[in-house]
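First the structure, in the form of structure tokens, and then the observations on it.
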Amino acid sequence: MQIAPFQLHRFSPYFFDAPNYGIQQVRPAWGYRFAYPGLNEQELAQVAYCFEFNSAAMEPPRPALESLFAAASDWMSAGSRHSNLCLMQTADSALVFDSRREGAPRMEPLSEFERHVMDHLSQSRGRAQVLREFAGEPIEAALDRFRENAWAVEMDGQILSVVLDYSWASASRELATAGSAWM
148 MQIAPFQLHR FSPYFFDAPN YGIQQVRPAW GYRFAYPGLN EQELAQVAYC FEFNSAAMEP
208 PRPALESLFA AASDWMSAGS RHSNLCLMQT ADSALVFDSR REGAPRMEPL SEFERHVMDH
268 LSQSRGRAQV LREFAGEPIE AALDRFRENA WAVEMDGQIL SVVLDYSWAS ASRELATAGS
328 AWM
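First residue of the sequence shown: 148, per the numbering used here; consecutive thereafter.
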């Protein structure tokens with residue numbers, strides 16, 4: 148698995164109308180030269196499906212791209228270690244179990260208020276909406292803690308918890324009857 152750049156395919160609108168999208172110097176992808184060594188550039192262009200091109204407008208900012216590659220690498224590494232970021236609920240408290248980093252997993256207790264906010268952020272919410280809904284509460288401190296621990300992401304004014312809550316699954320299993328999907 149990897150992060151792939153934009154690809155130009157033969158039957159896409161970008162291929163048929165390349166100049167209007169700022170796409171220039173369209174040419175067959177480099178691999179076709181090895182697959183069809185006897186064909187010239189024009190013949191390759193007739194059989195190719197994937198193309199290379201130049202476009203200043205489509206060049207992503209390098210620092211952002213490097214940050215994205217680093218995050219994807221961390222994510223894939225954590226996945227290979229079967230890492231987890233989930234909510235654990237006991238009879239009277241909740242904690243976040245985080246094994247994404249190498250070493251011993253962290254278990255961070257949540258206050259009752261933080262647990263309520265985390266439940267609320269299980270769906271993407273507008274930041275302004277969240278601040279209004281929890282006015283008078285220590286919402287900024289909770290959001291700061293969630294961000295610092297990478298338990299929530301905020302993008303384009305939206306906030307979403309990335310902590311998985313499996314409590315619904317255990318409740319569903321307890322209520323399941325013979326022959327249901329859980330059995």
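No residue lacks a Cβ here, since even glycine has one placed at the ideal position from N, Cα and C. Remember, predicted model here, so these are calculated numbers, not experimental data.
- Per the DSSP secondary-structure output, residue 311 pairs in a beta bridge with 233.
- Judged by DSSP secondary structure, residue 253 falls within the beta strand (DSSP E) whose first and last residues are 253–257.
- With a threshold of 16 other beta carbon atoms within 10 Å, residue 200 meets it and is buried.
- Buried is the label assigned to residue 299, since at least 16 other Cβ atoms lie within 10 Å of its Cβ.
- Under DSSP, residue 293 forms no beta bridge with any residue.
- If you draw a 10 Å sphere on the C-beta of residue 282, you find fewer than 16 other C-beta atoms in it, and that means exposed.
- Counting the other CB atoms within 10 Å of its CB gives residue 308 a total of 16 or more, which places it among the buried residues.
- Comparing alpha-carbon positions, the option among 220, 184, 172 and 176 lying closest to residue 154 turns out to be 176.
- Excluding its 5 nearest sequence neighbours in each direction, residue 202 has C-beta neighbours in its own chain below 8 Å: 168, 169, 170 and 171, listed in chain order.
- A check of alpha carbon separations from residue 223 across 249, 210 and 243 identifies 249 as the nearest.
- Annotation for residue 260: 284, 285 and 289 place their beta carbon closer than 8 Å to its own, counting only its chain and skipping 5 residues before and after.
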